[in-house]
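Under numbering that gives the first Met the number 0, the sequence shown has 41 at position 42, and the numbering climbs by one with no breaks. Note that CB positions come from ideal geometry on N, CA and C, so glycine has one too.
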Amino acid sequence: MRRAKRKRKGLSKRFPGGAGMILRCVTAGYLVFLGAAAYFFSTAEHRRLLNFMSAVPHWDKYFHFCAVGMLSFFVNLALSFRVLRIGKLPFLWGTWIVVFMAVSEEYSQSYIPGRVFDIWDIAAAASGAIVLGRVGMF
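Below you can see the structure in the form of structure tokens.
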């Protein structure tokens with residue numbers, strides 16, 4: 000009797016053998032790293048250590064673009080680039096999730112003393128999520 004071949008789904012189709020679990024761990028680790036960086040930047044004693052970064056104009060916008068963009072790439076990869084279609088337009092689930100997280104984190108800064116809500120940080124984060132989130136599809 001011949002067994003039917005089981006069709007692989009999600010990460011196991013794209014990454015056979017356990018690489019999907021490694022990818023999920025890398026994504027979770029990167030998310031923890033970003034959380035630690037957000038905490039690091041929000042404490043006054045650590046911000047003084049980062050004065051050297053202010054020599055680069057708009058360094059925080061570059062950081063938002065790259066950090067959130069890489070997170071979007073990892074989350075989309077972990078979700079196997081699942082697509083949400085609104086009409087004929089395709090949107091990646093991972094990108095939506097990461098942009099929501101970035102907007103929430105930026106909004107929460109308006110309640111933290113010493114931090115400032117900046118719409119341009121959201122624009123940089125969303126741009127990074129959209130651009131770098133789609134890189135893995137090619």
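For residue 96, same chain residues with a beta-carbon under 7 angstroms away, outside a window of 5 residues either side, are 74 in chain order. Annotation: residue 67 to residue 18 spans about 23 angstroms, alpha carbon to alpha carbon. Residue 120 has its alpha-carbon roughly 7 angstroms from the corresponding atom of residue 59. Across the structure, residue 77 and residue 106 are spaced so that their CA atoms are roughly 26 angstroms apart. When the five nearest sequence neighbours on each side are left out, the beta carbons in the same chain lying within less than 7 angstroms of the beta carbon of residue 116 are those of 105, 106, 108, 109, in order along the chain. With respect to residue 72, residue 83 sits apart: the two C-beta atoms are not nearer than 8 angstroms. Nearest neighbour of residue 123 by Cα position, chosen from 27, 38, 114, 102, turns out to be 102.
Counting only residues of its own chain and dropping the five nearest sequence neighbours on each side, residue 65 has a CB closer than 7 angstroms to the CB of 127. Here DSSP, grouped into helix, strand and coil, assigns residue 80 to coil.
Taking 8 angstroms as the cut-off, the beta carbon of residue 94 is found no closer than this to the beta carbon of residue 118.
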